[in-house]
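Engineer: What follows is a single structure, and I will ask about it in a moment.
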Amino acid sequence: MTELAIWGRPNSINVQKVMWTVGELALPHQRIDAGGPFGHLDTAEYARLNPNRKIPTIVDGETVVWESNACVRYLAAKYGRGSLWPEDPGERSLADRWMDWQLAELQPLLHPIFWNLVRTPPERRDMDAVHRAAARIGSLWQILDRHLAERRFVAGDQLTMGDIPLGCAVWRYQNLRVEKPDLPHVGRWFGELQQRPAYRTHVMLPVT
Ligand SMILES: N[C@@H](CCC(=O)N[C@@H](CS)C(=O)NCC(=O)O)C(=O)O
Numbered sequence: 000m001t002e003l004a005i006w007g008r009p010n011s012i013n014v015q016k017v018m019w020t021v022g023e024l025a026l027p028h029q030r031i032d033a034g035g036p037f038g039h040l041d042t043a044e045y046a047r048l049n050p051n052r053k054i055p056t057i058v059d060g061e062t063v064v065w066e067s068n069a070c071v072r073y074l075a076a077k078y079g080r081g082s083l084w085p086e087d088p089g090e091r092s093l094a095d096r097w098m099d100w101q102l103a104e105l106q107p108l109l110h111p112i113f114w115n116l117v118r119t120p121p122e123r124r125d126m127d128a129v130h131r132a133a134a135r136i137g138s139l140w141q142i143l144d145r146h147l148a149e150r151r152f153v154a155g156d157q158l159t160m161g162d163i164p165l166g167c168a169v170w171r172y173q174n175l176r177v178e179k180p181d182l183p184h185v186g187r188w189f190g191e192l193q194q195r196p197a198y199r200t201h202v203m204l205p206v207t
């Protein structure tokens, strides 16, 4: 197998999804720093891989994939059948829908909280936007909390690709100082994730 290449800096939530997947599947790989202080996204070489000039991008032999959740799905389908990639279409759709939910519903609220509190100097923070997003994201986490009241992981009793985007988001959320609702089932699931070596290595990093 040609070694898998992952482009992207390790503190990016979207790169973390891919790295955690690679870690769970124990895939030989090389990660190439790009984005943020490492730059490289504005080069012609990178634009040929990913016309969006964003991270992550993965290169697996002849196959190039971008969009973080698409990368996770590709790796799970190719290397994680029966584990990260549920074989049953119904079970797989459960994993799929929570991946889409993370990207479409949760991330647009997590982003302004993170960006203001972590990447913006205090005097330029839009705290109204932070408080608005924090109130709305709390209700979203409660939806996931009710879902996890009835199952150990997002798509059933074992870790699947459905846990990956949300598991990266929960680490970030828990590390941001905003008011949070009581989330007992999310808390129990988050505790389980923190026992996993690949999660510890690739996701439990300083939120910067
Ligand atoms: N929807 C895309 C978003 C990708 C994205 O916005 N990546 C950010 C990092 S999390 C990026 O490339 N930022 C520019 C940079 O790091 O220089 C995905 O899920 O892959």
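Here the sequence shown stands for residues 0 to 207, numbered as in numbering that gives the first Met the number 0.
Ideal Cβ placement from N, Cα and C applies to all residues, glycine included.
#1: Relative to the alpha-carbon of histidine 184, which residue among Arg145, Thr200, Asp87, Asn174 has its alpha-carbon at the smallest distance?
#2: Would you decide whether alanine 148 is buried or exposed? Buried here means 16 or more other CB atoms lie within 10 Å of its CB.
#3: Would you tell me roughly how many angstroms separate the C-alpha atoms of threonine 20 and valine 71, rounded to the nearest one?
#4: In angstroms, rounded to a whole number, what distance separates the CA positions of valine 153 and aspartate 181?
#5: For ligand 1, which residues count as neighbours when the test is a C-beta closer than 5 angstroms to any heavy atom?
#6: By the DSSP assignment, the beta strand (DSSP E) with isoleucine 57 in it spans what residues?
#7: Taking a contact to mean a Cβ-Cβ separation below 8 angstroms, would you say serine 11 touches isoleucine 54 in this structure?
#8: Less than 7 angstroms between C-beta atoms, sequence neighbours within five positions excluded: which residues of the same chain meet that for valine 129?
#9: Per DSSP, arginine 80 is paired with what?
#10: To the nearest angstrom, how far is it from the Cα of glutamine 17 to the Cα of proline 121?
Structural biologist: This is what the structure holds:
#1: Along the sequence shown, read from residue 1 onward, the residue named residue 184 stands at position 185. For the residues Arg145, Thr200, Asp87, Asn174, the minimum Cα distance to histidine 184 belongs to Arg145.
#2: Within the sequence shown, residue 148 is the residue found at index 149, counting from 1. Exposed: under 16 other Cβ atoms inside 10 Å.
#3: As a position in the sequence shown, residue 20 is number 21, starting the count at 1. As a position in the sequence shown, residue 71 is number 72, starting the count at 1. The straight-line gap from Cα to Cα measures roughly 6 angstroms.
#4: Here residue 153 corresponds to residue number 154 of the sequence shown, with the count starting at 1. Here residue 181 corresponds to residue number 182 of the sequence shown, with the count starting at 1. Rounded to whole angstroms, valine 153 to aspartate 181 spans 19 angstroms at the Cα level.
#5: Ser11, Asn13, Gly34, Gly35, Lys53, Ile54, Glu66, Ser67
#6: Here residue 57 is taken as the residue at index 58 of the sequence shown, counted from 1. Going by DSSP, isoleucine 57 is part of the beta strand (DSSP E) stretching over 56 to 59.
#7: Taking the sequence shown and counting its residues from 1, one reaches residue 11 at position 12. Taking the sequence shown and counting its residues from 1, one reaches residue 54 at position 55. Yes, the pair counts as a contact, with Cβ atoms nearer than the cut-off.
#8: As a position in the sequence shown, residue 129 is number 130, starting the count at 1. So the list reads Pro111, Ile112, Asn115, Leu116, Val177, once near-sequence residues are dropped.
#9: Taking the first residue of the sequence shown as 1, we reach residue 80 at position 81. Trp84, per the DSSP bridge assignment.
#10: On the sequence shown, residue 17 is found 18 positions in, with the first residue counted as 1. On the sequence shown, residue 121 is found 122 positions in, with the first residue counted as 1. Note that residue 17 is valine in the sequence shown, not glutamine. Approximately 31 angstroms, taken between the alpha carbons.
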